[in-house]
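Structure first, then comments.
Chains as they are written, first to last, in my numbering: chain A, 2 to 654; chain B, 191 to 334.
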């Protein structure tokens, strides 16, 4: 056995805190180490070449590399080792950057810790065995969860490549939050004019199956071979028969809150959220329906010309196999009412959210595009926008920037002037964040061309006085206290992941943060992948994002999916459990603990019933390894032998 | 730094990534802990921890995904049961159970990881080197 140790300096990232030469020197005296050297940048082409050359010249059989986190570049260096003619699993990576140089300042301590970790890596490498991968077939079908602009874009891109796609949307129509917007920044494109054709494309695409009123119920399996239960909710309307004539909605006597219009205006118990809905079908909400509440009504059934109403309709579970899943569940506005009592906490009708205001501006909204004060229906003169409500506010534990507020406040100020020429908009802001193409110019236009007055500061209090809202704030540039009599106040509210994102993440086994935004695998290099193979992210479910970024990310996710499934089959990780059948006692404790049903019973020629691991199902968690009483089901790459060698080496030092 | 030996067993998906995040964010930590990477805390054999104490570890830390967030669905639930039992067994072997700690740190909790490391090291420093013969060793009352 001939081990080579390479100590990466990572420029100064490691070398500034760790004496890499001393680490290499210490490695030279470790057992079975025949070569040790430092490399300036091991991941660079010459760096990788140095490893390959040393393996060839010094006839090394195993490689230990002390560098960055294995989570970052382990795969890269496995390829390097393979290129040098070794089995890619005769390689061990030791983390002396994230776990040493970047968290310590004392050079001696950092160097000693690095030497310990290299010794641990060498001890582990000494126990390595060559491992080989097998292949599994991939299911050439894709699930997209969420039918907002990101889900729509991802579904269309994937379907255009020829792969069948199921687009699941929990509401009764696709379109998401973008369908609620009147115009979009910075071009003032009409939102529905650019969105509606794409929605129709989804419905008409031969490779897309659209499922609305549906949610992901359960997910099993793994990359390339997911099995998903989709719960199709009962809506009392046969979607195939419904023609979207709106007759049921017109005649329905049951009032219901209008969620599409964000509570501005009212809806009916049976309704179609908006005229451009796709699919254009009615949905009945039982909790507001007279028939279900009082036992008597059935008007919708009587007036429906298509015989589409079915009160007996039941929820269904549809199970389907998918090779990849794109999550595009979008965002919700943060619920500001509980944490901002100084803005009325939702008590004042003339203090509205940005999304409610968007519905007032929209011609398809409940006011037909006429801006009216909710309290008395009057057209407002003074409109005050308050930025960063629920964003950049440490006092309520929300330091994040919503990334779209500055821009849509400018847009809504412009639209206000267009709707009401003699109006005056005021925008309270912290900073104006207008980083993308054409954004800075747009916020300038709001001020110069449309006369919006920008005041840098937070608003401390809003209270009603003589039928108007008094907004009290500070202009921190002039250090003046400002008091504005507003007819309407628009809160530029921050974003959260859509309700239920965390629950979905748990079903999919992917990570999320405190706002339930879903975690990407790497913020720079793997921005649309998750830590679970085969599951990708698109749009605002990953973090606050505007429409262009959501669309770009959706296309990126689509290209990842197409790339993954273009091969038809995939190499599996060889880091799986394996039963030593000679020693197996047939107790099947391993089978009980396995989360993947990857262990089957097998009868040996001598008649003994023993356990057998189905390699393609095993995900390598090692639960069975610990559960096995005679300890004969080692997890390859993490055997008891290897872990013990690492532990003892650390304690010996 | 003292010559205390602290070993951490971290799952690859949450806590190891959280420790990486702490590093990427340059969150300074005391340097005593040595980390061993595992796929899952469900791969941690309590016997390995016992062996570590027997062979001279002064403190052992296990950290994985938060309950409900396990990359393998339920590995950390198995870990929790096994490790809780181990904790109660330690006095019977003459080991102060305070020397063993298990916790949950997610991939995005770099700051929390730095706190966990600092607290753990401070705790073991206060306890000093491990000397076998912890007096609270009535295993029956500990387990029941």
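Even glycine gets a Cβ: it sits at the ideal position worked out from N, Cα and C.
Mind checking which residues open and close the alpha helix (DSSP H) that includes residue i?
i, result
"residue 545 of chain A", "Neither: residue 545 of chain A is in no alpha helix (DSSP H) and is coded neither H nor E."
"residue 328 of chain A", "Run containing residue 328 of chain A: none in the alpha helix (DSSP H); it sits in the beta strand (DSSP E), 325-328."
"residue 356 of chain A", "355-362"
"residue 603 of chain A", "Unbroken run through residue 603 of chain A is the beta strand (DSSP E), 600-604; no alpha helix (DSSP H)."
"residue 293 of chain A", "291-295"
"residue 533 of chain A", "First-last for residue 533 of chain A: undefined, no H or E at that position."
"residue 36 of chain A", "No alpha helix (DSSP H) holds residue 36 of chain A; the beta strand (DSSP E) holding it covers 34-40."
"residue 53 of chain A", "46-58"
"residue 133 of chain A", "Run containing residue 133 of chain A: none; DSSP gives neither H nor E here."
Tell me, to the nearest whole angstrom, how far the beta carbon of residue i is from that of residue j; I am working on the premise that it is less than 8 angstroms.
i, j, result
"residue 548 of chain A", "residue 162 of chain A", "Their Cβ separation, rounded to whole angstroms, is 23 angstroms, which puts residue 548 of chain A and residue 162 of chain A out of contact at 8 angstroms."
"residue 233 of chain B", "residue 117 of chain A", "Actually they do not touch by this definition, with Cβ atoms about 22 angstroms apart."
"residue 362 of chain A", "residue 334 of chain A", "Contact flag wrong, Cβ pair sits at about 16 angstroms."
"residue 255 of chain B", "residue 296 of chain B", "7 angstroms"
"residue 561 of chain A", "residue 530 of chain A", "7 angstroms"
"residue 382 of chain A", "residue 488 of chain A", "5 angstroms"
"residue 219 of chain B", "residue 307 of chain B", "5 angstroms"
"residue 139 of chain A", "residue 569 of chain A", "6 angstroms"
"residue 472 of chain A", "residue 323 of chain A", "51 angstroms between Cβ atoms; not a contact."
List, in chain order, every chain B residue whose beta-carbon is nearer than 9 angstroms to that of residue i.
i, result
"residue 99 of chain A", "209, 210, 211, 212, 213, 214"
"residue 600 of chain A", "Within 9 angstroms Cβ-Cβ: nothing; residue 600 of chain A doesn't reach chain B, min ~14 angstroms."
Please list the partners that residue i has in chain B, where partner means a Cβ-to-Cβ separation under 8 angstroms.
i, result
"residue 620 of chain A", "262"
"residue 114 of chain A", "221, 224"
"residue 72 of chain A", "202, 206, 207, 210"
"residue 639 of chain A", "228, 229, 233"
"residue 497 of chain A", "Simply none; closest approach about 15 angstroms."
"residue 13 of chain A", "Those within 8 angstroms of residue 13 of chain A in chain B number zero; the least Cβ separation is about 14 angstroms."
Could you check which residue in the options has the C-alpha nearest to that of residue i?
i, options, result
"residue 592 of chain A", "A/613, A/574, A/607, A/572", "A/613"
"residue 87 of chain A", "A/132, A/552, A/402, A/94", "A/132"
"residue 677 of chain A", "A/360, A/480, A/413", "The structure shown does not extend to residue 677 of chain A, since chain A is modelled only from 2 through 654, so no value can be given for it."
"residue 109 of chain A", "A/19, A/140, A/250, A/381", "A/19"
"residue 599 of chain A", "A/624, A/585, A/610", "A/624"
"residue 180 of chain A", "A/198, A/188, A/460", "A/198"
"residue 461 of chain A", "A/541, A/341, A/379, A/570", "A/341"
"residue 536 of chain A", "A/525, A/544, A/506", "A/506"
"residue 597 of chain A", "A/297, A/208, A/617, A/50", "A/617"
"residue 270 of chain A", "A/648, A/354, A/287, A/357", "A/287"
"residue 544 of chain A", "A/324, A/515, A/345", "A/515"
"residue 346 of chain A", "A/152, A/464, A/80, A/654", "A/464"
"residue 475 of chain A", "A/387, A/401, A/566", "A/387"
"residue 302 of chain B", "B/289, B/202, B/242, B/210", "B/210"
"residue 377 of chain A", "A/396, A/351, A/370, A/393", "A/351"
"residue 499 of chain A", "A/449, A/528, A/171, A/96", "A/171"
"residue 494 of chain A", "A/401, A/66, A/84, A/274", "A/401"
"residue 1 of chain A", "A/492, A/278, A/419, A/325", "Since the first residue shown for chain A is 2 and the last is 654, residue 1 of chain A is missing from the structure and cannot be characterised."
"residue 137 of chain A", "A/611, A/572, A/396", "A/572"
"residue 279 of chain A", "A/619, A/296, A/292, A/212", "A/212"
Strictly below 8 angstroms CB to CB, what residues from chain A border residue i?
i, result
"residue 226 of chain B", "121, 644, 647, 648, 651"
"residue 217 of chain B", "104"
"residue 197 of chain B", "648, 651, 652"
"residue 258 of chain B", "507"
"residue 254 of chain B", "Going along chain A, no residue has its Cβ under 8 angstroms from residue 254 of chain B, so there is no contact; the nearest lies around 11 angstroms."
"residue 242 of chain B", "648, 652"
"residue 297 of chain B", "512, 520, 532"
"residue 280 of chain B", "Ordered by position in chain A, no residue passes the 8 angstroms Cβ test against residue 280 of chain B, which lies about 17 angstroms from the chain."
Taking 8 angstroms as the cut-off, decide whether the C-beta atoms of residue i and residue j are in contact.
i, j, result
"residue 410 of chain A", "residue 384 of chain A", "no"
"residue 222 of chain B", "residue 311 of chain B", "yes"
"residue 253 of chain A", "residue 300 of chain A", "yes"
"residue 248 of chain A", "residue 304 of chain A", "yes"
"residue 629 of chain A", "residue 583 of chain A", "no"
"residue 282 of chain A", "residue 238 of chain A", "yes"
"residue 90 of chain A", "residue 606 of chain A", "no"
"residue 408 of chain A", "residue 435 of chain A", "yes"
"residue 621 of chain A", "residue 645 of chain A", "no"
"residue 187 of chain A", "residue 443 of chain A", "yes"
"residue 36 of chain A", "residue 12 of chain A", "no"
"residue 541 of chain A", "residue 327 of chain A", "no"
So with CB distances below 7 angstroms, who are the chain A contacts of residue i?
i, result
"residue 245 of chain B", "649, 652"
Just reading off the beta strand (DSSP E) that residue i is part of, what are its end residues?
i, result
"residue 293 of chain B", "290-294"
"residue 476 of chain A", "469-476"
Starting from the beta carbon of residue i, find every residue of chain B whose beta carbon is closer than 7 angstroms, and list them in chain order.
i, result
"residue 594 of chain A", "268"
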